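Number of protein chains: 2
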Amino acid sequence: MAMATLRFIGRKIVLGKQGPGLAAASTLRRALATTVGSVDKQKRLLTVRWSDKSRRDSLLPLAWLRDNCQCSACFHPDTLSRLQLMENFDPKIGADSVQFDDASKTCSVTWSDGHVSTYKYDWLMRRSFDSESQQQRSLWYSGKHELWGSDYAIRRHPFDQLMKSDSSLLQFLNDMEAFGLTVVEGAPIAGTEGLRAVTDLCNRVAFPMETNYGTTFTVKSKLNPSNLAYTPARLGLHVDLPFYKDPPGIQLLHCLAQSNNITGGENFFSDGFHAANLLKVANSDAYKMLTTRLVDFYDYETDHLADFHMLCRQRVISLTSDGEYEMICYNNQVRDTYLNMPADQVQLFYDALKAFDTLLHGEQCSVSTKLKEGDIVTFDNRRVLHGRNSYTVHGTAERHLEGAYLRWDEVYSRIRRLEESVRSRQP
Amino acid sequence: MAMATLRFIGRKIVLGKQGPGLAAASTLRRALATTVGSVDKQKRLLTVRWSDKSRRDSLLPLAWLRDNCQCSACFHPDTLSRLQLMENFDPKIGADSVQFDDASKTCSVTWSDGHVSTYKYDWLMRRSFDSESQQQRSLWYSGKHELWGSDYAIRRHPFDQLMKSDSSLLQFLNDMEAFGLTVVEGAPIAGTEGLRAVTDLCNRVAFPMETNYGTTFTVKSKLNPSNLAYTPARLGLHVDLPFYKDPPGIQLLHCLAQSNNITGGENFFSDGFHAANLLKVANSDAYKMLTTRLVDFYDYETDHLADFHMLCRQRVISLTSDGEYEMICYNNQVRDTYLNMPADQVQLFYDALKAFDTLLHGEQCSVSTKLKEGDIVTFDNRRVLHGRNSYTVHGTAERHLEGAYLRWDEVYSRIRRLEESVRSRQP
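Structure (structure tokens):
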């Protein structure tokens, strides 16, 4: 087993071809006032003991260090992208020496081909491979959900405030991330300003996601409707566009016209992850069915863009490989008449779907609200299901919503940049 | 065990509360000239023996039949959506009688609540639950891939032809589906017509997918580039935008300016699914690593839309739950400096990545072409990786590409509608 010879020359380790093993623990303890390291040539790991005693040792793989050289030949400073090509990268490259400089807080590695890579201490610390550092990093990723039931008081945010204040915008987006259901209130309703308010809000966050229903869509009772939402029918709890492999992340519905002359039309919402949790406890067979079986969703229509025939097979409850909730994909309206499973599974499938639907609509889960003019209800279309009571119009009143979608990728990107600018969080 | 009493009254089955079991096989044989059925009340299945002897028996679950009643109260004829609410649906509803009419080729079920559902024979046959019917249906879904190596002669399609002929457009899209790499040639290059040609082609298929780089993007050597593609550097084989959870499906790059005064800048391509197959045979450990480990991709920049900080964890080789290839997600430029795995896995990870990259670039896989002005190279960004040689400009020449993306969901939708209109394929 080839191990590094560790000879401390100042704070430089010169690595011999063979050696007796890692520096003894006592050697490392004596050197605590300065940052020191040792290389295990067999495992190809550099262990760093930081002079800052509050920091744990960092285990840094040599291949990773070479891959992430930050010099301008290896890493492009403007685009923050790796210039070094994998074609030219030797994952087994050796390190000839490692040097620590506590004054400049940098670590330099001289590689066997003569290339020198220099890393800042804090840059390395944040990228350490211990589980604590990695958990810290994972916080930048999505998934800070707070599940809710029927006692959830829908968070409300003033439109004007969001449009001008970055910290208000961030608070709104944090609420969307956590609860997946908010109302933005006081949006303009008159004229072109009213018509474009939902787009303005999208553009304040990122930009609207175009779909087969357009960049925005008008929810009214229409002649020759292309979608059941464009009729006055009751809509059960559903997500929009489940026939997309990657359905829209956030849906925004801006109420431009509502009236006392309209009976019904209340919206109701349900946290699909919460209902899935309830299902898991109450009916594990149903939960298993809905987390594994693929269900066909479809949309065969013509809207202003073109004729379309969308098809997608989705799990009603999608889990990540870690078993976390990823997405709810359920829409009874556009669930296909084709059902791709063996006949002997079908009854169990319907029993499972009925059980889930009953929980979603039940008193433990569902919250209801009737939108007021100027309200923009915004919800996580991959988690929070929405429904609508049927409505009747008396006289000339009209119910009119303008809708749009955002993708979570771009919303999370916006959150990260706002966390950085508003809260000085280090990216 | 409660089984149906089968009494053939004409071609009507009246189902009693209790009974001796299914009609004997001999009864069914005698009735072959007409369509007959039997209901298993325990399994809640209707078995139909069609008068058309070339058709196998259909097994039709009762719950599915009730769910898919096509009457105008249950199913909206304009939107082709289910009006029946799951809230009002009883998955255990009983069938009082089933009637077959070979003259009108319809089957009617009278349910225990008095509701009557009528289905056309061919509608039922196409939705049967036998594996043959279900395989037939699955052909409407994606995945008709023909993998290729370095001997692939890139399919070429004339721009004008695609823009005016639906059958040419369909042939182009079928090639994209099968091979994931084509060149559309002879696109306009002059003036605004040239600048918008890639958008025109997108709109002919569906519409461009907007991303953090815009609805379209200009690939030139730029000052203060936001992406390595906007420099003259060599780019190894990669997919675009792997920091999206759902990266763009098809990429289109329209060459507007190329010149003899530009040395280099050739493009090269590699079928990632083919390379993955080679890897699986040559190095199963590497294959396992790349199909399971999540890798961080990121993009931290400012483009014309906004500041962004995109992050996504992806498998380099994604498989479906059936073990089919779903997506290749590899881009060495924007692979993050953060690597979310235990230190002792890192060397194996780099060895695996190097092995895959070597296959991708190797002589078994890679094809090369230098784009000519008017070429629009189009490729499946989730399967076919693209790269570019570094280039040097002599004098005032400029290399200029206009790029755009399409989503596969909308492309497949377009293919389905074209299959229907051009080839009369039944949807």
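So the sequences go chain by chain: V and X. Heads up, the first sequence is in this note's numbering, so the first residue is 1 and it goes up one at a time. Heads up, the second sequence is in this note's numbering, so the first residue is 1 and it goes up one at a time. All C-beta atoms, glycine included, are put in the ideal place defined by N, C-alpha and C. On a predicted model such as this, the values are computed, not experimentally measured, just so you know.
Alpha carbon to alpha carbon, how far is residue i from residue j?
i	j	result
Asp296/V	Asp240/V	14 Å
Leu147/X	Phe273/X	7 Å
Leu223/X	Asp130/V	39 Å
Asp102/X	Asn227/V	34 Å
Gly191/V	Thr199/V	14 Å
Gln84/X	Asn283/X	53 Å
Lys120/X	Thr106/X	4 Å
Ile93/X	Leu60/X	14 Å
Gly374/X	Glu87/X	56 Å
Thr302/X	Trp408/V	18 Å
Thr35/V	Arg127/V	17 Å
Phe379/V	Phe207/V	16 Å
Arg234/X	Thr358/V	57 Å
Mapping the DSSP letters down to three states, classify residue i as helix, strand or coil.
i	result
His394/V	coil
Glu266/X	coil
Ser81/V	strand
Val316/V	coil
Gly114/X	coil
Lys288/X	helix
Phe356/X	helix
Leu201/X	helix
Met341/X	coil
Met125/V	helix
His274/X	helix
Of all Cβ atoms in chain X, is any one closer than 8 Å to the Cβ of residue i?
i	result
Trp111/V	no
Leu162/V	no
Met86/V	yes
Leu139/V	no
His115/V	no
Asn224/V	yes
Trp64/V	yes
Leu305/V	yes
Asn227/V	yes
Phe379/V	no
Phe129/V	yes
His386/V	no
Residues of chain X with CB closer than 7 Å to the CB of residue i, please, in chain order.
i	result
Gln134/V	Asn340
Pro248/V	Neighbours of Pro248/V on chain X: none; closest Cβ ~11 Å, over 7 Å.
Val334/V	Ser81
Ala233/V	Leu83
For chain V, find out if any of its Cβ atoms is closer than 8 Å to the Cβ of residue i; answer yes or no.
i	result
Leu83/X	yes
Asn212/X	yes
Asp357/X	yes
Leu147/X	no
Phe269/X	no
Pro158/X	no
Thr337/X	yes
Applying a beta-carbon distance threshold of less than 9 Å, which residues of chain X neighbour residue i?
i	result
Met310/V	Asp409, Glu410, Tyr412, Ser413 and Arg416
His254/V	Under the 9 Å cutoff, chain X gives no residues; its nearest Cβ is about 20 Å from His254/V.
Arg44/V	Val346 and Gln347
Asp287/V	The sequence as given places Tyr at residue 287/V; Asp does not occur at that position. Near Tyr287/V there are no residues of chain X at all, since even the closest Cβ is about 16 Å away, more than 9 Å.
Using a cut-off of 7 Å between C-beta atoms, extract the partners of residue i located in chain V.
i	result
Tyr300/X	Leu80 and Pro427
Lys144/X	The contacting residues do not exist; Lys144/X stays about 14 Å from chain V at best.
Which chain V residues are close to residue i, counting only those with a beta carbon under 9 Å from its beta carbon?
i	result
Lys120/X	By Cβ distance, chain V contributes nothing, its closest Cβ being about 12 Å from Lys120/X, past 9 Å.
Who are the neighbours of residue i on chain V, taking C-beta pairs under 8 Å?
i	result
His361/X	Glu87
Could you list which residues in chain C have their beta carbon closer than 8 Å to that of residue i, in chain order?
i	result
Asp67/X	Judged by its chain identifiers, the structure shown contains no chain C, and its protein chains are V and X.
Residues of chain X with a CB under 8 Å from the CB of residue i: which are they?
i	result
Arg313/V	Tyr141
For the 8 Å Cβ check, are there 3 or more pairs between the segment 262-272 of chain V and the segment 377-391 of chain V? As far as the Cβ criterion goes, the segment 262-272 of chain V touches the segment 377-391 of chain V, which means the pair count is three or higher.
Touch check for the segment 241-252 of chain V and the segment 311-325 of chain V: three-plus C-beta pairs under 8 Å? Yes: at least three Cβ pairs fall under 8 Å.
The segment 177-191 of chain V / the segment 183-194 of chain X touching (three or more Cβ pairs under 8 Å): Judged by Cβ distances under 8 Å, the segment 177-191 of chain V makes no contact with the segment 183-194 of chain X, as fewer than three pairs qualify.
Would you be able to state if there are at least three C-beta pairs under 8 Å between the segment 131-140 of chain X and the segment 335-353 of chain V? Yes, the segment 335-353 of chain V is in contact with the segment 131-140 of chain X.
Whether or not the segment 343-355 of chain V and the segment 194-208 of chain V are in contact is what I'm after, with contact meaning three or more pairs of Cβ atoms, one per stretch, closer than 8 Å; do they touch? No: fewer than three Cβ pairs fall under 8 Å.
Counting beta carbon pairs with one atom in the segment 211-221 of chain V and one in the segment 362-375 of chain V, are three or more of them shorter than 8 Å? They do not touch, by the three-pair rule.
Any contact of the segment 399-407 of chain X with the segment 245-252 of chain X, i.e. 3+ C-beta pairs under 8 Å? They touch, by the three-pair rule.
So does the segment 50-64 of chain X actually touch the segment 32-41 of chain X, counting three or more Cβ pairs closer than 8 Å? Cβ pair count under 8 Å is three or more, so yes.
Determine, using beta-carbon pairs with one atom in the segment 416-425 of chain X and one in the segment 257-267 of chain X, whether at least three such pairs fall under 8 Å. Contact fails: fewer than three Cβ-Cβ distances are below 8 Å.
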